[in-house]
Structure formats: structure tokens, C-alpha cells
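Position 186 (the first sequence) corresponds to 185 in numbering that gives the first Met the number 0; numbering is contiguous.
C-beta: ideal position from N, C-alpha, C; glycine also.
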Amino acid sequence: MLHLDLDAFFAAVEQRDKPSLRGKPVVVGGVGGRGVVATASYEARAFGVRSAMSTREARARCPHAAFLSGRFDAYRTTSRAVMETLRACSPLVEPLSLDEAFVDLAAAEDLPDLELDTVTGYAERLRARVLEVTGGLTASIGVGTSKFIAKIASDLDKPDGLVVVPPGTERDLLRPMRVGVIPGVGPATVERLRRVGVHTVADLERISRDELVRVLGQAHGQSLHALARAEDDRPVVPEREAKSVSVEATYEHDLTDRRQLAAILTRQSADVARRLAGSGLSGRTVSIKVRLYDFTTLSRSSTLASPTEDAATIARTARTLLENLDTSGGVRLLGVGVAGLADWVQDELFTTGDDDGPADDPTDDPTALEEPAAVEDPAEAGVRAPRLWPPGADVEHTEHGRGWVWGSGRGVVTVRFETATTGPGPVRSFPADDPDLHRWRPPDPASPQSH
DNA sequence: TCTGGGGTCCTAGGACCC
DNA sequence: TCTGGGGTCCTAGGACCC
């Protein structure tokens, strides 16, 4: 597994495009009174500027830095070039963000073997190619036997570094490290672990699984027990389906005018609706997020009878949710989101199959009366590129047997297969139009007993 | 006049169903 | 008379990531 991380990405793009910034401290992020730092160039880091620091503090530490609000189109374009370069190596590339990705080298075609020297040379050439296609951006690469180890390794020689962790040396590498280096272990988990005497991975290793689950809960406890032992078999998932779409903003001054708050929700709802439509998605759960003057953060949500991508429906629902909150002290952040995403094809199935008259109390559900009957024109639906392979859908493959959809997109479907004897098995990717890949249906959907 | 914006995943409790 | 258990869906909040 290979993990690639572009160094100080946003700042590096700015320095590339504006030569006068090269060699100088550059800070990209919110430039307003309530902004925070997204990325600081290494020159700015020398003055103690860090990601997530308030821009106010960054200005105090490094007043002569260039403070920029960011050009996301340029970042996206550059990111795309990098991801394409990675996909030329292996079909199994999983972007984690604009500046990070995993590459499954076991699926790389032009890699003769996975020996240490071979992989090291390959990764060096990859770094050179990234430098080329980005017009001079450096990347740090980590290689190891799992996602976890690759990710840890890419952090060890930053910037512009390469670390390959030889198989069998993982646990010795991890033991002296602080638990906070483990992805998923943030400040709250570090504090909980500190209270039970755990500071390093070596300490973590000594805690039983039961104890860890008691301290951190099921999911986190189990996964940390495994990671402490360098056990990690998570596959590369090339394309994940979006699960939610949201828009939020923090305002320079706290807002109190309820008409103004409602107007903001209306505009944000239109933004969300446009993005949903652009991706061919709709969702059933509308939520708002409200951060009050004292930073307490509230969320409220409402699940509709059927998915929507309609701006007016989202806005009406969002405004109703806000009406039940006390915002008299002032609001510093307001946001709208839609979750429970489905595609238009499912939407159509839903609304044509489940039409059982009006809801009991129409005032409970602002959409019950107005919700239109989804997409009528099949040609139009086709244009919207429906998502044919919803995650979790059962499928079968002529060669590999039965499984379920792990992810899909860009014409590729990733399937996790299950065998009766071994349980969850390997993950494989296929072209979405692979004739050997079939949607799978239960043998007799009508038979389940009616109790 | 500390503390962004876009996400994901998990937990816990209550409603509801069988 | 006493007292289920499993499962799903929904809501709110929190931790975490880049």
C-alpha cells in the first residue's frame, strides 16, 4: 500500500502560480476576523503558524506572511492531475481529500514484484512524475503492508520524503510513537487514554480489548486494539458515494434578526439544491446547524417522506427547524444540509410504488402536499447519470460469486465478496458495464413470512 | 474581540414493529 | 403476575479528518 500526501498543498499551489511568493511565508485560509488557517507554507510554519490556528493568531506570529483566501478551482485542477497520475499506476486509487490518496500497489500493472528495492524505486519515480504534472509540487510518500502503516510512513519524512516500511518491522516502528499519531485518535481520545496510563503505542498494546472497549466504546476500542498491533486489512475503495451535502458559514458579527437568518437559510438551501442536482442526487433528511454566540452548537433535522432536491422544499423545512430554536443571544454560524441521499432512479421507484395518499397530518410534513411526483421523463433521468450501483446493494459476479457493492463511480464498481466458509472476503473492482456483473435479487421477495 | 468548511462515523435513547 | 428480545428508523450530539 502506498500513501501520497502533497506538501503544504494549498500554499504550494499559490507559490507555484505566483513566483514572488516562493521562499516566503504563505498562509491560506479564512482571512476575515473569524478565519482559521487551512494551510501554512513551511516558511510560515517556521514562525509557529499551524493548520486550524485562528488567522488572528497567525497574523500575530507572522505579520509579514501573505494571507490568501484560497483558489479552490486551481487546487481541484492540480489535484485531478495528481490523481490521474496515480490511476495510471494502479486502478485502485482512493483519494482521501484534494491532497492525499492511497494506492494499492498490488494492483499496479508495471510493478514486477513487491520487493523493497523495486517498490522504493517505483515510489521515487512516482514522486518525480507528480513533481512534473503539478508544475513543481513536492509530495511525501509512505509505503507499507497496510493503509495504516503507509499513512504513518508518509508522515515520517515530510516534506518531500519517502519512507518504505519493510514487512515485519511495523510493530517495532509503532511502539515508541505517541498514540496521537494514529489516525482517528484526536485530543479527546488521547485524554481518555492518558487517564488509564496509555501514552504510547507500546502502552496501548498492553491494554486488553475488553478494557479498550470499556474506555472508548465498541467501534473505537476494537479498531484501536487492532491498530496497536499493526493489524489493518482495510481495502482501497476507489469511489465512495456521497452521504450528505451541506453548506455553512460563519459570520463576521453575530446575527440576531430572525428574518435575516431565514433569508440565509433560503439562500443556502438553493446552494445545496444546486449541488444535489449537479451530482444527480436527492435526499430525505434536511438538517440545520446553528452555532450560538457562545460556540454551543445545535443541530436539528427532519426526515421527509420522499427524497428531494428542491430548493423551496429544503428551505421551507430548514426555516421550520430554525423556528423552534432560541437564537436571541446571537448566531455566529448557520448551515443547511441534506443527508440520506438516494439517486433519482430510486426516488422514482419510491414515489410511484409507495403512493398511499396524503399524510395523516399535513402540517407535520411541509412537503406532503407539494412534493412533485419525481422524474417523469426517462430521457431526462438518463441525462442525470443515475447511480446504478448503490452502496450495499447485493450483486453477483459470474466468476467471483455473491457480494455487495462497496463503492462505485467513474464507471467502476467495487464489490466486497463473501464466501460461506470464510465470511467477508476480498474487494474487487469491475467496469460498471462488465457483463459478468449482475445486480442480485433475493430468490423470492414475496416469501418472507408475515409473522 | 479565540475557535472554518466540508465531510464521515459512532453512540445513545426513544419509537415502533414483530 | 411478571415481564422479552431483536431489529430498524430517527434524532441529537460528539469526535475526528483534511
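Closest by C-alpha distance to residue i, when choosing among the options
| i | options | result |
| --- | --- | --- |
| THR77 | SER53, VAL164, THR133 and LEU297 | THR133 |
| LEU260 | ASP325, ALA227 and GLU238 | ASP325 |
| PRO165 | ILE206, VAL118 and ALA127 | VAL118 |
| VAL200 | GLY185, ARG228 and ARG191 | ARG228 |
| VAL129 | VAL178, THR144, ARG79 and ALA107 | ARG79 |
| GLN14 | SER89, PRO158, GLY135 and ALA317 | GLY135 |
| SER286 | ASP270, ARG205 and ILE313 | ILE313 |
| LEU333 | LEU264, ARG258 and ALA65 | LEU264 |
| MET176 | GLU114, HIS198, ARG58 and VAL236 | HIS198 |
| LEU340 | ALA138, LEU275, ALA106 and ASP253 | LEU275 |
| GLY277 | GLY28, ALA310, ALA122 and LYS150 | ALA310 |
| GLU114 | SER305, MET0 and THR284 | MET0 |
| ARG475 | ARG318, SER301 and PHE66 | Outside the displayed range of the chain (0 to 450) lies residue 475, so it cannot be described from this structure. |
| VAL142 | GLY220, GLU240, PRO18 and GLU169 | GLU169 |
| LYS242 | TYR74, THR284 and PRO111 | THR284 |
| VAL162 | HIS2, GLU395 and ASN323 | HIS2 |
| ASP156 | SER145, ARG239, ILE140 and SER53 | ILE140 |
| ARG35 | ASP16, SER19 and ALA59 | The question names Arg, yet the displayed sequence has Val at residue 35. Measuring from the Cα of VAL35, the nearest candidate turns out to be ALA59. |
| ARG86 | ARG75, SER53 and LEU125 | LEU125 |
| ASP98 | ARG239, ASN323, SER300 and TYR74 | TYR74 |
| ALA127 | PRO94, THR84 and ASP109 | THR84 |
Residue i versus residue j: straight-line alpha-carbon distance, rounded
| i | j | result |
| --- | --- | --- |
| TYR41 | CYS61 | 12 Å |
| VAL330 | ARG315 | 19 Å |
| GLY336 | SER96 | 20 Å |
| VAL271 | GLU308 | 8 Å |
| ARG21 | PHE8 | 14 Å |
| VAL189 | SER50 | 19 Å |
| ALA138 | LEU321 | 44 Å |
| VAL244 | PRO237 | 20 Å |
| LEU211 | ALA225 | 11 Å |
| THR255 | ARG55 | 24 Å |
| GLU230 | ILE148 | 9 Å |
| ARG193 | PRO186 | 10 Å |
| THR296 | THR249 | 12 Å |
| PRO90 | LEU104 | 9 Å |
| VAL452 | HIS252 | The structure shown does not extend to residue 452, since the chain is modelled only from 0 to 450, so the question has no answer here. |
| ALA338 | PRO234 | 25 Å |
| SER327 | VAL48 | 35 Å |
| GLY28 | ARG213 | 39 Å |
| PHE46 | ASP116 | 38 Å |
| GLN267 | SER305 | 21 Å |
| VAL289 | ARG191 | 28 Å |
| ASP16 | THR302 | 45 Å |
| GLN217 | ARG33 | 37 Å |
| VAL246 | ALA269 | 10 Å |
| ALA106 | CYS88 | 8 Å |
| SER145 | ARG205 | 22 Å |
| PRO18 | LEU291 | 42 Å |
| TYR121 | ASP159 | 15 Å |
| LEU172 | ALA64 | 37 Å |
| SER53 | ASP112 | 47 Å |
| ALA100 | ASN323 | 42 Å |
| GLU395 | GLY69 | 45 Å |
| ARG273 | GLU240 | 18 Å |
| GLU108 | GLY167 | 25 Å |
| SER298 | GLU123 | 46 Å |
| PRO94 | ARG174 | 28 Å |
| GLU131 | ALA57 | 32 Å |
| ALA262 | PHE294 | 22 Å |
Contact belief for residue i with residue j at Cβ below 8 Å, rounded distance in angstroms
| i | j | result |
| --- | --- | --- |
| LEU452 | LEU215 | In this structure the chain extends from 0 to 450, so residue 452 is not present and cannot be described. |
| LEU5 | VAL102 | Wrong, their Cβ atoms sit about 14 Å apart, outside the cutoff. |
| ALA11 | VAL26 | That belief does not hold up - the Cβ atoms of ALA11 and VAL26 are roughly 13 Å apart, past 8 Å. |
| GLY279 | ASP342 | 6 Å |
| GLY196 | ARG208 | Incorrect: roughly 17 Å between the Cβ atoms, too far for contact. |
| PHE71 | VAL30 | So it is not a contact: roughly 14 Å between Cβ atoms. |
| ALA43 | PRO24 | 4 Å |
heavy atom of the ligand SAM below 8 Å from residue i C-beta
| i | result |
| --- | --- |
| ARG274 | Among the ligands in the structure shown, none appear at all, so the ligand SAM cannot be discussed. |
- prompt: For the region 129 to 160, which segments carrying the beta strand (DSSP E) assignment without a break, of at least 3 residues, lie completely within its bounds, in sequence order?
  reply: 138 to 142
task: Evaluate contact between the region 167 to 181 and the region 151 to 159, counting only Cβ atoms and requiring at least three cross-stretch pairs below 8 Å.
output: yes
task: With a floor of 4 residues, list each alpha helix (DSSP H) that falls wholly inside the region 228 to 299, ordered by position along the chain.
output: The qualifying runs are 257 to 277.
- request: Jot down the residue ranges of each uninterrupted alpha helix (DSSP H) in the region 171 to 233, minimum 4 residues, whole runs only, in chain order.
  value: 186 to 194, 200 to 204, 208 to 215 and 217 to 227
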